[in-house]
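Chemist: Sharing a structure with you now.
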Amino acid sequence: MTFFTIVVRSLVRRPVRTGLTLVGISIGIAAVVALVGMAWGYEKSIVRQLDVIGIDVVVSNMSGGLMPKVFDESLEEKIAPLPKVAATTSVLMQMLSIEDAPMMMISGREWGGFTWDKISVIEGRLPHNATERAVVIGRLAAEVLKKKPGDTVQIEADELPVVGIIDGQAVVENGAIILSLNVLQEITLNEGKVNFVDIRVTPGTTKQEVTALCDSIKEIFPEGRAMVASEVVGTSQGFRVARAMSWSTSLLAIIVGVLGVMNTMLMTVFERTHEIGILLAVGWKRRRIMLMVLLESALLGLLGGVLGVALGALGLKILETTPAIRGLLEPDLSPRLLLISIAIAVVVGVISGLYPGWRSSRLSPSLALHG
Amino acid sequence: MIAPPTSQTGDIVFEARQLAKEFDGGQVAALRGVDFQIREHEFVAIVGPSGCGKSTLLQMLGSLDHPTSGSLTYRGASIPGMPDPSAYRAHHIGFVFQAFHLLPTFNVVENVQIPMFEGGLSRTQRRERAVDLLKSVGLDHRLGHFPSQLSGGERQRVAIARSLANRPSVLLADEPTGNLDSENAVHVMELILKLHRELGMTLILVTHDPSIAAQASRTIRMKDGRVVPADSPHP
Ligand SMILES: Nc1ncnc2c1ncn2[C@@H]1O[C@H](COP(=O)(O)OP(=O)(O)O)[C@@H](O)[C@H]1O
Ligand SMILES: [Mg+2]
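Chains as they are written, first to last, in the working numbering: chain A, 1 to 371; chain B, 1001 to 1235.
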């Protein structure tokens, strides 16, 4: 028999209570995994999209809701002549509810711009020109909307024909509806307006030169900002909000978890007053009693964490296939997130055990033996 | 830890001077100024009517509770002043209670090992020692049984084996046969006396049974929280 045997024994002898507590923690941890996994996945899929299209610098407005506020499309002409700029193209991006999908990315792309380059047609064709009122849809979006070439899709008040299904090599591309900039401007009443200018720099441009480029764009466009593609995710308001929301919801789940474990541990300690009295009487140090309660609580956390991570991963896998999420993001189930979640669960366990452990170690052996 | 014995107190194990204990903020005076000395290898029986403070006294000796006033020493060191009372309880004192106080979710051999976590033994040494101790109380055939599967006498023998886990020099027994039928009581007493004889432990035993008290080297008679002087007439 080891010290650990003693810790495990007290969990095992109350299987129902241990089980319920584990369910409580694991639901909390599953929420953490699912929420943070989605937020991280969202970020990762955007980074990947920028990378696939070959966007080096993104210019957008500082403010806005889900998508940055629009600005005048003439900005592109002012950026194009700047040093190290190889190509520029304007984009109007909107998040809209399309038919059964609560949220879908609609990307209006300047006709002839490089954002069309990596798009390969799986079925049908691309629009013929800048003014053809037609859309192509990414293959994931096509599955979600159940569309094929020849169908029409309702965007705001307009009904547009679907002319092609495309593959854009990134989840965000494949989950989007893509059309010519002019057409989207017209149907969303944004004539002459865009909300992104994407920039490709000349090959061999150094980091410092890119930074200098960003600085000179800020002079032209003071209310906006120019970001190196790899930093878009870190600085964007939308991502920050998504991150903050997922972590704050997680924090709530964690607090509920702490209260649950603490309640269980306090009950355990009260029930075991007599036993703790015996342990003290045979010479156990108060520190060891405290350690026993803490280990028990940490073990509950660890088991709950492992269970919660499994539950959260399963949840994400299921969410990934639902129309609401499909094509918008690729949940991130990185080992880092799983380890962080389990670590959180163990910390929850330890924190929850502190007060019960302290209470139990303060028991008077003679009183505890009487009880 | 505990100071080594000095030449002056060489064979005095416990010494109490005006030892008093009150409960509930002075409403109950369990001990009202007790004086005694107990020497190495003695077998002292403590007798007296119920409620006279015998258990309270034993708890003070075992550092399970603090006296309200007076002094109480173990080999010259103040018991309430010990910096690490748990080490004292673990290594110097063996306790046997009337109610056995075994842990119900641990089997016999595990119960005996519980105090050994405060010693330096390895896992296998702990188990071997527990088996040896259970052999010496005649229960090595019940190692895997749980306390609920044992008779009262067997439970008390497990408790005795546990009290010896860390080779204490003092055994404090509080009515160890109080919950046993006469046959088991005789058996358990024989065991305790054998341990006292063979291991040379100082034995302090609370009992109601005059025949047990008669076997002690000395009897401390108590009444109303005080020691009755040895020369006073018996009731
Ligand atoms: N924890 C306690 N709180 C209050 N009173 C106590 C407590 N422990 C013992 N007493 C009281 O102290 C007196 C002595 O008790 P005790 O030492 O158990 O007597 P004995 O063992 O001789 O029967 C009794 O009156 C008892 O009610
Ligand atoms: Mg008593």
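C-beta: ideal position from N, C-alpha, C; glycine also.
1. In or out: R13 of chain A buried (at least 16 other Cβ within 10 Å) or exposed?
2. Using 10 angstroms around the beta-carbon of T268 of chain A, count the other beta-carbons present and answer buried if the total reaches 16, otherwise exposed.
3. Could you check what DSSP says for A1003 of chain B in three-state terms: helix, strand or coil?
4. Taking 8 Å as the threshold (beta carbon to beta carbon), is I1192 of chain B in contact with chain A?
5. Taking 7 Å as the line, does the beta carbon of V1034 of chain B fall inside it for any heavy atom of ligand 1?
6. Taking C-beta pairs closer than 7 Å, name the residues in chain B that I278 of chain A reaches, listed in chain order.
7. Does the beta-carbon of E223 of chain A have 16 or more other beta-carbons within 10 angstroms, so that it is buried, or is it exposed?
8. Which of helix, strand or coil does DSSP assign to T321 of chain A?
9. Taking G1138 of chain B as the reference, which of B:E1175, B:I1192, B:S1055 has the closest Cα?
10. Does the segment 186-197 of chain A touch the segment 56-72 of chain A, meaning 3 or more C-beta pairs lie closer than 8 Å?
11. Just reading off the beta strand (DSSP E) that R1017 of chain B is part of, what are its end residues?
12. Going by alpha carbons, who is nearest to F1023 of chain B out of B:G1051, B:A1077, B:S1148?
13. Pair every Cβ in the segment 1063-1071 of chain B with every Cβ in the segment 1138-1157 of chain B, then say whether three or more of these pairs are closer than 8 Å.
14. Enumerate, from N- to C-terminal direction, the unbroken beta strand (DSSP E) stretches of 3 or more residues contained entirely within the segment 127-213 of chain A.
15. Give the interface partners of N1166 of chain B over in chain A, defined as CB-CB distance under 9 Å, in chain order.
16. In chain order, which beta strand (DSSP E) runs of at least 3 residues are fully inside the segment 38-79 of chain A?
17. Can you give me the start and stop residues for the beta strand (DSSP E) that A87 of chain A sits inside?
18. Anything in the segment 1060-1075 of chain B with a Cβ closer than 7 Å to a Cβ of chain A? List those residues in chain order, please.
19. Taking DSSP as the reference, what is the three-state secondary structure of V16 of chain A?
20. Within 10 Å of its beta-carbon, does S360 of chain A have 16 or more other beta-carbons around it, so buried, or fewer, so exposed?
21. Using 8 Å for Cβ pairs, my map puts T202 of chain A next to K118 of chain A. What's the rounded Cβ distance?
22. Could you check where the alpha helix (DSSP H) with R1123 of chain B kicks off and where it finishes?
23. G373 of chain A by DSSP, collapsed to three states: which one?
24. Check whether the Cβ of D1132 of chain B sits closer than 7 Å to any heavy atom of ligand 1, and report yes or no.
25. Does the distance from the CB of V162 of chain A to the CB of G257 of chain A come in under 8 Å?
26. Alpha carbon to alpha carbon, what distance is there between R109 of chain A and W116 of chain A?
27. In three-state terms, what does DSSP make of R1167 of chain B?
28. Rounded to a whole number of angstroms, what is the C-alpha to C-alpha distance between L279 of chain A and G1200 of chain B?
29. Nearest chain A C-beta to H1145 of chain B closer than 8 Å, yes or no?
30. What did DSSP end up calling A1230 of chain B once you bin it into helix, strand or coil?
31. State the DSSP-derived secondary structure class of L1057 of chain B, mapped to helix, strand or coil.
Modeler: With the structure as the only source:
1. Counting other Cβ atoms within 10 Å of its Cβ, R13 of chain A stays below 16 and is therefore classed as exposed.
2. Buried is the label assigned to T268 of chain A, since at least 16 other Cβ atoms lie within 10 Å of its Cβ.
3. At A1003 of chain B the pLDDT is 48, less than 50, meaning the model places this residue with poor confidence and gives no usable figure here.
4. For I1192 of chain B, the answer is no, since every Cβ of chain A falls outside 8 Å of its Cβ.
5. With a threshold of 7 Å, the Cβ atom of V1034 of chain B does not count as near ligand 1, since no heavy atom of the ligand is closer than that.
6. What I278 of chain A touches in chain B: H1101, L1103.
7. Exposed, since its Cβ has fewer than 16 Cβ neighbours within 10 Å.
8. Three-state result, T321 of chain A: coil.
9. Among B:E1175, B:I1192, B:S1055, the Cα nearest to that of G1138 of chain B is on B:I1192.
10. Contact holds: three or more Cβ-Cβ distances are below 8 Å.
11. 1012-1023 is the extent of the beta strand (DSSP E) around R1017 of chain B.
12. Among B:G1051, B:A1077, B:S1148, the Cα nearest to that of F1023 of chain B belongs to B:G1051.
13. Because the criterion of three Cβ pairs below 8 Å is not met, the segment 1063-1071 of chain B and the segment 1138-1157 of chain B do not touch.
14. Listed in chain order, they are 135-138, 152-155, 158-167, 177-180, 196-201.
15. The answer, in chain order, is V282, G283.
16. For the segment 38-79 of chain A, whole beta strand (DSSP E) runs of length 3 or above, ordered along the chain, are 57-61.
17. Judged by DSSP secondary structure, A87 of chain A falls within the beta strand (DSSP E) whose first and last residues are 85-98.
18. Going along the segment 1060-1075 of chain B in chain order, one finds L1064, D1065 with a Cβ nearer than 7 Å to chain A.
19. In this structure, V16 of chain A counts as helix in the three-state DSSP scheme.
20. Around the beta carbon of S360 of chain A, 16 or more other beta carbons lie within 10 angstroms, which makes this residue buried.
21. Actually they do not touch by this definition, with Cβ atoms about 19 Å apart.
22. According to the DSSP assignment, R1123 of chain B belongs to the alpha helix (DSSP H) that extends over 1123-1136.
23. This structure does not reach residue 373 of chain A, given that chain A is present from 1 up to 371, and the question cannot be answered.
24. Every heavy atom of ligand 1 is 7 Å or more from the Cβ of D1132 of chain B, so no.
25. The Cβ atoms of V162 of chain A and G257 of chain A lie no closer than 8 Å to each other.
26. Taking the straight line joining both Cα atoms gives about 8 Å.
27. R1167 of chain B: coil per DSSP, three-state reduction.
28. Approximately 26 Å, taken between the alpha carbons.
29. Chain A contact via Cβ: absent.
30. In the three-state DSSP reduction, A1230 of chain B falls in the coil class, being neither helix nor strand.
31. The answer is helix: DSSP assigns L1057 of chain B an H, G or I state.
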